[in-house]
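Okay, so here's the structure we're looking at.
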Amino acid sequence: MTIFLAICIPFLMALLVPLMYTFFPKFKIGWFVLIAPLAVLGILASYIPKIAGGQTAIYTYDWVPSLGMSITVYLDGLSMIFSLLISGVGALVILYAIHYLSSKEALHHFYCYLLLFMGAMLGVVFSDNMMVLYAFWELTSVSSFLLIAFWHHRHASRTGARKSMLITVTGGITMLIGFLLLHEMTGTFSIRKTIEQAAILYDHPLFIGALICVLIGAFTKSAQFPFHIWLPDAMEAPTPVSAYLHSATMVKAGIYIVARFTPIFAYGWTWFWLVTFVGLITLVWGSFNAVKQTDLKALLAFSTISQLGLIMSLLGMGSFAYHVQIDTSTIIYTQATFVALFHLVNHSTFKGALFMAVGIIDHEAGTRDIRRLGGLMSLMPITFTITVIGSMSMAGLPPFNGFLSKELFFSSALATASIDMTSLPSIVALVPIMAWVASIFTFIYSCILVVKTFFESPKKLPDVKIHEAPIGMLISPIILVSFVFGIFLFPNTLAKYILSPAMLSIYPQGASQEMMTPHISAWHGFNTELWMTIGVVVAGIILFKLLPKWKGIYNRLPKHLTLNGLFNRALYEAENVSSFITRLYMTGSLRQYMLFVYIVLLGVVGGYFALNDAFNFSMDNNAPIHIYEVILVGVMGAAAIAMLFVSSRVTATVLNGIIGYGLSIFFVIFRAPDLALTQLIVESVTTVLFLLCFTYLPAWKKDRLPSRTKIMNGIISVAVGMTVVAISLSVLHFNEFKTISSYFENAYELAGGKNIVNTILGDFRAFDTMLEVVVLCIASIGVYQMIRLRMKKGGDRHENK
Amino acid sequence: MIKAVLGLALLFFSITIVICLYRAIKGPTLPDRVIALDTIGVNLLSMVAIISLLQETTAYLEVILILGILSFIGTIAFSKFIERGVIIERKSDR
């Protein structure tokens, strides 16, 4: 129950924030908001001992039981790591935002969105039900959209928000399809119950589809190649948002999904290949591109992309353990997953600190352009220290936590490369090479971050007096860097209490918790990993020194061939193509709309009859035809055809009258006196109305259509007419059911009237009559309105606007 | 015998209608067409009468009356339209 409360707290607070803002305008609203993550953190802390012991906590609230949807809050080791990150980093970010944002901003909006996001994110990591998980997943996309566009008066913010929304929501919907496919396979939405059936799922025909759909969702959210392009543009958000959403939490939702679904999908080889190699490509591509950035936040964004790729590839390597028996000799493969979780925590600490430091620089110097910054070391010593520690950790240098996870990453990559070649293609040998190259680039951009900002002489520093940030802004990054160092000193404490229970979530069928928790030591002797790190440092320093010489390669790729260019072009083309298709049929011409209606009628109704051989012209049972009836039909037909060729409206009216009168005589011949009467009166009134309208119409103009159009219209009219006639003739012989008219024959006994037609209209089916009276009433009111209440001169014309 | 005669009459009336139709389509001026419509109305009236004889019913006597009235009204409306260009004139003092 208390865990359920943990999800609710942020949402309840989000409700209260606008009220607080209205009633206590002087009060700094952030301090109030800070309660939410601290409360969640408190609740989670009380569960740590239980979770560390390998137990789980669960609470179920039935939401839509008939559809199998229940809000199941499930807390295990994996959820614990993520929820601790969300609430912990959340608290620090709010503390930072209190000092970062000026009170002139729309703070109630900001904190409301932030709390919504926090609650949604907790919902994602706690949900056991896939549908509820998806709901929270989309809520993170929406709240992230709102946060990115927080300064919505800026064009770049709106563009970035739209782009991230488009990509993440597309991925989210794909993931929903994946969930539905899983439900189709297993019959349950519960992730735990799906895991129980996982071992038999992998040769189900829908398995690969579900796998790819879920992975696309995870990849778009976690900014994996080639869906990473939204993340750099999301840097238009306020820095606390970038620090929170786009380094520590939201982008790790995809990581969470991959980790959570590993026990389901890892039985197929596709999972191993896709996750590992997409992760590695993202790692290399992100670090390669980070080097060319001139904006500090863009640099950090690409660095985040690459680090997420690192974590993703580690999860992929870890899934190899599903294809071997887990024992002491193969434990090296589960270790990759452990490293992924370890680096996940490490990355959140140092990347959060770096974003906050960059925010401070931006706040104090007024710019975050590398080309304008320089020589800040003596001006901002504390920020400098924070940045150096964060960057060294990011580059993987001792004595910080990044070093430990980098070493472990290398050993996992080497282990993957040395997997028996008989079971895997030799392409896995590329894994450590890609990892090593990416690490060099990581080292280079970490150097750029420190050296270009804090060393070198100030070139074109903005004309402001730069000084150290206020202590309030520095607290959060200082706490984070103390974690960076603290984790280096005591990695095994973190591993034992927080990380190792998560291994049980990812390898439920595997070995014991203690067995899967490797001992992390800072000094592990002279082995390949250490030589690789030394190689990274040496090559990194050399390449950094030579940077101006080889920077030109970044301009080699033409701009429209970059992924961003392709995305923009795809958007532009999609708009073009759709508007072209729309313009094909939305012509604004009634004549063409009628054409489409008739073509569909011909195709669907006529086509149906033709395909089913339902046309049936038998002339038996027909009544005898008299010669005068033939002549009358001929007259009506001749009038109708003549009407097409007349040159004045009045002639057309006269011919129309002939058809109407002819119809009434047919009513007489077929013994329908009431119909004949009504038809006569309606015909006369219509004729008079036509004449009435003609006074107001402009002169009759002959249509000047091209003869091709005329011929086509003619063909279609004749075809439609023939179809309708054919169908009427076929339907005439349909006598599978008895007619119900015999019931109405004793109208006198039932309704007390001898006129059957009138008893039907007024008694048996009086509702129709009533509504038709209403129709006439509406028509007359409408006519009155149009004539009497028409617009005054100079009024707005709403038509065709 | 009587049925054959009535049928023959119907045939003749319908031939008359065809002739009137020719005038209605061809008629060089509008009044020709309106007269043709009026004649068609009268012929239809006669046909209804004969059909009610043939069907031995009195249900169509109203139709005959209405047809007479309406073809009159229709002709008047057309005439007024041809004469004045409008059918219902507004009062001159408004």
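For the record, the sequence lines run as chains A and B. Under the working numbering, think of the first position of the first sequence as 327, with each following residue one higher. Under the working numbering, think of the first position of the second sequence as 43, with each following residue one higher. Glycine included, every Cβ here is placed at the ideal spot set by N, Cα and C. Predicted, not measured: the structure shown is a model, and the values here were computed from it.
Residue from the options whose Cα sits closest to the Cα of residue i
| i | options | result |
| --- | --- | --- |
| A:Pro817 | A:Pro758, A:Gly728, A:Ser838, A:Leu442 | A:Gly728 |
| A:Leu404 | A:Leu636, A:Leu740, A:Gly812, A:Ser453 | A:Ser453 |
| A:Ser639 | A:Gly535, A:Ala616, A:Val754, A:Val650 | A:Val754 |
| A:Phe971 | A:Lys519, A:Thr1004, A:Tyr833, A:Gly1040 | A:Gly1040 |
| A:Leu508 | A:Ser915, A:Asn1081, A:Cys539 | A:Cys539 |
| A:Phe767 | A:Ala1025, A:Phe814, A:Gln651, A:Ser717 | A:Ser717 |
| A:Gly605 | A:Ala739, A:Asn672, A:Ser915 | A:Ala739 |
| A:Tyr880 | A:Ile657, A:Phe811, A:Lys618, A:Ile361 | A:Lys618 |
| A:Leu465 | A:Met456, A:Val495, A:Gly700, A:His479 | A:Val495 |
| A:Leu1015 | A:Asp621, A:Thr979, A:Val1050 | A:Thr979 |
| A:Thr888 | A:Ala383, A:Ala683, A:Asn615 | A:Asn615 |
| A:Val684 | A:Ala966, A:Val610, A:Ser737, A:Leu775 | A:Leu775 |
| A:Ala574 | A:Ala896, A:Ala549, A:Arg1030, A:Trp876 | A:Ala549 |
| B:Ser113 | B:Val60, B:Asp80, B:Val76, B:Phe120 | B:Asp80 |
| A:Ile995 | A:Ser974, A:Val956, A:Thr1013, A:Ala1025 | A:Val956 |
| B:Ile115 | A:Leu1017, A:Ser1043, A:Ser1054, A:Pro1024 | A:Leu1017 |
| A:Ala627 | A:Met842, A:Ser719, A:His554 | A:His554 |
| A:Met962 | B:Arg126, B:Lys45, B:Ile44, B:Val60 | B:Val60 |
| A:Ile712 | A:Gly701, A:Thr675, A:Phe736 | A:Thr675 |
| A:Leu502 | A:Met456, A:Met491, A:Ser470, A:His481 | A:Met456 |
| A:Pro375 | A:Met395, A:Ser744, A:Met406, A:Lys547 | A:Met406 |
Where residue i sits in the DSSP three-state scheme
| i | result |
| --- | --- |
| A:Tyr422 | helix |
| A:Ala383 | strand |
| A:Ile898 | Strictly speaking, residue 898 of chain A in this sequence is Tyr, with Ile absent from that position. Of the three classes helix, strand and coil, the one that applies to A:Tyr898 here is helix, per DSSP. |
| A:Val390 | strand |
| A:Ser905 | helix |
| A:Thr630 | helix |
| A:Leu400 | Note that residue 400 of chain A is Tyr in the sequence shown here, rather than Leu. Of the three classes helix, strand and coil, the one that applies to A:Tyr400 here is strand, per DSSP. |
| A:Ser1068 | helix |
| A:Met457 | helix |
| A:Met339 | helix |
| B:Arg136 | Any reading at B:Arg136 must be qualified, since the residue scores a pLDDT of 48, below 50, and its modelled position is unreliable; the value itself is stated next. Coil. |
| B:Ile129 | coil |
| B:Asp74 | helix |
| A:Leu541 | helix |
| A:Asp946 | coil |
| A:Met643 | helix |
| A:Asp295 | In the structure as shown, chain A begins at 327 and stops at 1127. Residue 295 of chain A is therefore absent and cannot be evaluated. |
| A:Met395 | strand |
Residue range of the unbroken alpha helix (DSSP H) whose run includes residue i
| i | result |
| --- | --- |
| A:Tyr659 | 657-691 |
| A:Val916 | Note that residue 916 of chain A is Leu in the sequence shown here, rather than Val. Residues 916-926. |
| A:Arg1114 | 1092-1114 |
| A:Arg281 | With chain A running from 327 to 1127 in the structure shown, residue 281 of chain A is simply not present. |
| A:His434 | 433-452 |
| A:Gln1005 | 999-1020 |
| A:Phe726 | Unbroken run through A:Phe726: none, as it is neither H nor E. |
| A:Gly878 | No alpha helix (DSSP H) holds A:Gly878; DSSP gives it neither H nor E. |
| A:Asp559 | 556-559 |
| A:Trp762 | 756-780 |
| A:Ile1041 | 1033-1058 |
| A:Gly933 | 933-937 |
| A:His481 | 481-512 |
| B:Gly45 | Residue 45 of chain B is actually Lys in this sequence, not Gly. Looking at the DSSP string, the run of the alpha helix (DSSP H) that includes B:Lys45 is 44-68. |
| A:Met829 | 826-832 |
| A:Ser613 | 595-616 |
| A:Ser973 | A:Ser973 -> no alpha helix (DSSP H), and no H or E assigned at all. |
| A:Gly798 | 797-815 |
| A:Pro589 | 579-591 |
Near the ligand ZN: residue i beta-carbon under 8 Å from a heavy atom
| i | result |
| --- | --- |
| A:Asn727 | The ligand ZN is not part of this structure, which contains no ligands at all. |
task: Check distances from the C-beta atoms of the segment 969-1002 of chain A to those of chain B and list, in chain order, the residues that come in under 7 Å.
output: Listed in sequence order: Val976, Thr977, Val980, Leu981, Gly983, Ile984, Tyr987, Ile991, Val994, Ile995, Arg997, Pro999, Ala1002.
task: Could you name the residues of the segment 71-96 of chain B whose beta carbon sits closer than 9 Å to any beta carbon of chain A, in the order they occur along the chain?
output: Taking 9 Å as the Cβ-Cβ cut-off against chain A, the residues of the segment 71-96 of chain B that qualify are Leu72, Arg75, Val76, Ala78, Leu79, Ile82, Gly83, Leu86, Met89, Val90, Ile93, Ser94.
message: Closer than 8 Å is the cut-off here; do at least three beta carbon pairs connect the segment 555-573 of chain A with the segment 522-539 of chain A?
response: In short, these stretches do not touch, since the Cβ pair count stays below three.
message: Three Cβ pairs or more, each shorter than 8 Å: is that satisfied between the segment 400-420 of chain A and the segment 436-456 of chain A?
response: yes
message: So, does the segment 821-828 of chain A touch the segment 656-673 of chain A, judging by three or more C-beta pairs under 8 Å?
response: With contact defined as three or more Cβ pairs closer than 8 Å, the segment 821-828 of chain A and the segment 656-673 of chain A are in contact.
message: Beta carbons nearer than 8 Å to chain A: which residues of the segment 46-61 of chain B have them?
response: Gly49, Leu52, Leu53, Phe55, Ser56, Ile57, Ile59, Val60
The segment 626-646 of chain A / the segment 805-812 of chain A touching (three or more Cβ pairs under 8 Å): no
- request: Closer than 7 Å, Cβ to Cβ, to anything on chain B: give me those residues from the segment 888-899 of chain A, in chain order.
  value: none
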